Amino acid sequence: MSITISSKPTSIVHKKKRVNARNIQYFLLLLPPLVFFIVAMIIPLIMGIYNSFTDWDGISLEKNWIGFTNYIEIFKDEMFIESFKFTGLFMIFNTIIQNVAAFFFAVMLDSSIKAKNFYRTIIFAPVLLSPILVGQIWTKMYGTILPSINDLFALSINFNLFSSPNTVLTGLLVANNWQWIGYWMLIYLAGLQAVPKDIYEACTVDGGNWWQKFIHITIPMLGPSITICTIGIATGSLKVYELIVASTGGGPGDSSKSTIMHIYDTAFMSQQSSYASAMSVVFLLVLLIFAFIQLKVLRKREVEL
Amino acid sequence: MSKKYTKGTFLIQSIVSVIVIFYLLPFLVVFLYAFKSPQEIIGSSPFSLPEKLELVNFTQAFEALNFFQSFGNTFFITASAVLLLILLSGMAAYSIVRGGNKFFNGTYMFFIAGIMIPYQVIFVPMFVLGSNLGFINNLFGVIFLYVGTSLPFAIFVMAGFMKTIPKEIEEAAFIDGCSIMRTFWIIVLPMLKPVAAALTIILSLQIWNDYLLPQLFLSDNSMKTLTVMQSTLFSAFETNFNVGFAGIILSSLPILILFLFMQKHFVKGITMGSGK
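If you're matching them up, the sequences are chains A and B in order. Taken in order, the first sequence gives residues 34 to 338; the numbers are from our numbering. Taken in order, the second sequence gives residues 1199 to 1474; the numbers are from our numbering.
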C-alpha cells in the first residue's frame, strides 16, 4: 500500500497491468458458475422460445416452423384460459390473505405476550413440509377426519371442500395459507425488530395511542417488508403445482387445474411439446410484467410513505 | 411495545393461542393416525389417543417408501447441490464484487435476471435438453439442474454479503504474492461462513422438498426421492391410510430435526434470503 501512495506515476502503469492480470483470474472464477447457469436456464429458455414457433411433439425428428400458430391457438384454448383464471384467483386471494395474516401474526408476536418462541415455532412448522405432504394432509383432513367430527357431534358442516368445484379454491387456499403464513410472518417480524424503539417512545410522549402508533409508525416502517412479501407471495402462488397434484389432481373436473399443471399435461400427456412451450413463454411474460408492475407500484408507495 | 402484561396483552395472548390450536390440528391428526391401528380409524374420534402405539404403520411405510434408498437419494442430491451452490455462488460473487468493472456488473445483471424465471416455467425445454445430455435417471443431472437454476438467487444473496467484507485483508494477501484463486480459498471463503449457513438452510429446504424435477428425471425406482415416493403412498394404501401418515412423518422427520437444532439459522436464512 505504501508503495502505491509514494510513487504515483509508475504505480498507475503497474496497477493497470496488474488489474488486467487480475481480471483474467476473476473471470476464471466466474466461468464455472456461468456454465451451470447458461446450460440449466439460458439454453432451455432459448430452446423453449424457438420450439414455441414450431410444431414439434417432443419426440419425433420432424420439426416445422409454423410461426405464431401456437400463440394464436393459446387464446382459443379454453383450458388454458380456465387454468389461467384459476391461477389468477388463487394468486389474488393468497396475496391478500397471506400478507394480512402474516402481518398481524407478526405484530401480535412482537407484543409482550408469553411463550412467543413456542407460538412462532408452531406457526412456522408447516413451512418445513413439502407441498406434496401438505396436499395429502389436507385431502385427508377434508375427506375423512373433519367429516367424522360431524358424526360425533351430529353436525352437518360441509368439510368436504375438495369435492365440489365451488369450494375447491377455498380448500386449497386454507391448505396453502396454513403452510406459508409462517414464512412471511418471519420476514415481517424481522422488519418489526428493525424499527427503532425510540420512535414509539416519542409517539407516546406526544400522546399517541396504540392505534396511531400502528398507522403512523408500524405500517410505514414495514414498507420494504410489504414489498418483499407481496411479490414473493404473488410469484409463489402463480407457479403452484405440487400442492394441487397431491390433493385435488386438478379436479373435480378441471376446476382446480393450475397453469403449470396444464402446461405439464400438454407437454407430457398429450405430447404437444411446442404448444406447451408457447404457453410457457406467455406465462413467463405475464409473470415478468406482473413482477415489474408490482415493483414499480410498491416502491412508489414506499417513497410516498 | 409496552413491557407490562396488560388486559390488551391478555387479549392478544388468547387470540394467538386459538390460532396456534388451529395450526396444531393437522399435525396432531398426522401423529395420532400414524400410531393408530387400521381398525381404530373407523368408529373412534379422530382426536382420541391410539389404544396402543402401533408401529406396524411405520414399518409398512418404511418399506413402501424404500426408505433407505430414497432417503439416501434425497440426501445425496440435496447435500451435493447445496455444497456446489455455496462454492459456485461464492466464486461468482467474489469475482463480480471485486472485479467491479462493466463486464462483471453486466454478468451480475445477467445472473440476477434469472431470479425472475422460476424453473417451473422452463421445465419443458429443460427436460428436452436434459434428455439429450443424459440427465434422465442420473442423480448428477438433477444436481446440475438444481445448481444452475438456484444460482441466481444464491449469487444475489452472496454478492450482497460480499460487499460488506472489507478489501484490506485480501489486499494484504496480494502484496504477499497470493494469487486471486488462493486468496479466495484461504481468505474469502472462510469469511463467507455466516451467509453460507443461511443459504445452506434455505436451499436445503427447497431442494429437499422439491418434487417436479425428480419426478420428471428420475423414473427408475432406485433413483426416486422421498417426495416422489411419498406422493403415491396414500393411493397405494387406500384403506389403511395410517401408513400414509406414518410416511409423512418419516419423510419430513430429517428436516424437522434439522430445524429443531438450527432454529436460529433458519430465521436468519429466511430473512437474509428475502433480499433485504
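We put the CB at the ideal spot given by N, CA and C, even for glycine. Just so it is clear, the structure is predicted and the values come from calculations on it, not from any experiment.
Across the region 1357 to 1386 of chain B, CB contacts with chain A closer than 9 Å involve Glu1366, Glu1369, Ala1370, Phe1372, Ile1373, Ser1377, Ile1378, Met1379 and Phe1382, in sequence order along the chain. Looking at the backbone, the Cα of Phe108 (chain A) and that of Phe117 (chain A) are separated by about 11 Å.
With contacts defined as CB atoms closer than 7 Å, Ser1293 (chain B) and Tyr221 (chain A) fail to qualify as a contacting pair. Taking a cut-off of 8 Å on C-beta distances, the region 319 to 336 of chain A does not touch the region 1324 to 1333 of chain B, as fewer than three cross pairs fall below it. For Gln169 (chain A), the residues of chain B that pass the 7 Å Cβ criterion are Phe1432, Gly1442 and Ile1446, in the order they occur in the chain. Among the CB atoms of chain B, none fall inside 7 Å of the CB of Ile92 (chain A). Taking a Cβ-Cβ threshold of 7 Å, the residues of chain B close to Tyr152 (chain A) are Val1214 and Val1218, in chain order. With distances taken between CA atoms, Ile261 (chain A) lies nearest to B:Thr1469 out of B:Phe1415, B:Thr1469 and B:Leu1456. Three or more beta-carbon pairs drawn from the region 293 to 308 of chain A and the region 78 to 91 of chain A are found closer than 8 Å, and the two stretches are therefore classed as touching. Every alpha helix (DSSP H) of 4 residues or more that sits fully in the region 1279 to 1319 of chain B is shown, in chain order, as 1300 to 1311. Just measuring C-alpha positions, the residue of B:Ile1363, B:Val1228 and B:Gly1312 sitting nearest Val167 (chain A) is B:Val1228.
In the DSSP assignment, Gln1413 (chain B) falls within the unbroken alpha helix (DSSP H) covering Leu1410 to Phe1415.
Under DSSP, Thr87 (chain A) shares a beta bridge with A:Trp98. No Cβ of chain A is located within less than 7 Å of the beta carbon of Asn1336 (chain B). Under the three-state reduction of DSSP output, Leu161 (chain A) falls in the helix class. By the beta-carbon neighbour count (other beta carbons within 10 angstroms, threshold 16), Gly224 (chain A) is buried. The Cβ atoms of Gly1297 (chain B) and Pro1350 (chain B) lie no closer than 7 Å to each other. Per DSSP, the unbroken alpha helix (DSSP H) holding Gly224 (chain A) starts and ends at Val201 to Gln226.
In summary, the residues of the region 1238 to 1262 of chain B whose CB is separated from some CB of chain A by less than 7 Å are Ser1243 and Pro1244, in the order they occur in the chain. Relative to Ile1363 (chain B), the option among B:Glu1249, B:Lys1391 and B:Phe1273 whose CA is nearest is B:Lys1391. At least one beta carbon of chain B lies nearer than 7 Å to the beta carbon of Tyr59 (chain A). Contact of Tyr1221 (chain B) with chain A is assigned, a C-beta pair being separated by under 7 Å.
DSSP, reduced to helix, strand and coil, places Leu328 (chain A) within a helical segment of the structure shown.
Trp1383 (chain B) sits exposed, since fewer than 16 C-beta atoms from the chains shown fall within 10 Å of its C-beta. Ser145 (chain A) sits in coil when the DSSP states are folded into three classes, being neither helix nor strand.
In the three-state scheme derived from DSSP, where H, G and I count as helix and E and B as strand, Asn191 (chain A) is classed as coil.
Closest option to Val1322 (chain B), judged by alpha-carbon separation, among A:Pro65, A:Lys147 and A:Ile76: A:Ile76. Leaving aside the five residues that flank Phe1274 (chain B) on each side, the residues in its chain whose CB is nearer than 7 Å to its CB run, in chain order, Leu1337. Exclusion of the five residues before and after Ile1284 (chain B) leaves Ala1394, Leu1397 and Thr1398 as the residues of its chain whose Cβ lies within less than 7 Å of its Cβ.
Remark: C-beta atoms of Gln1258 (chain B) and Lys272 (chain A) do not approach each other more closely than 7 Å. The C-alpha of Gly1442 (chain B) is placed about 30 Å away from the C-alpha of Leu1343 (chain B). Taking every protein chain shown into account, the CB of Asp1408 (chain B) has 16 or more other CB atoms within 10 angstroms, so this residue is buried. Cβ neighbours of Pro1248 (chain B) within its own chain (closer than 8 Å, five residues either side excluded): Leu1230, Phe1233, Lys1234, Ser1235 and Glu1238. The straight-line gap separating the alpha-carbon atoms of Val1426 (chain B) and Val68 (chain A) is approximately 29 Å.
Residues Thr87 and Asp88 of the same chain have their beta carbon placed closer than 7 Å to that of Asn97 (chain A), with the five preceding and five following residues left out of the count. Contact check for Asn1271 (chain B) against Thr1430 (chain B) fails: the beta carbons are separated by 7 Å or more.
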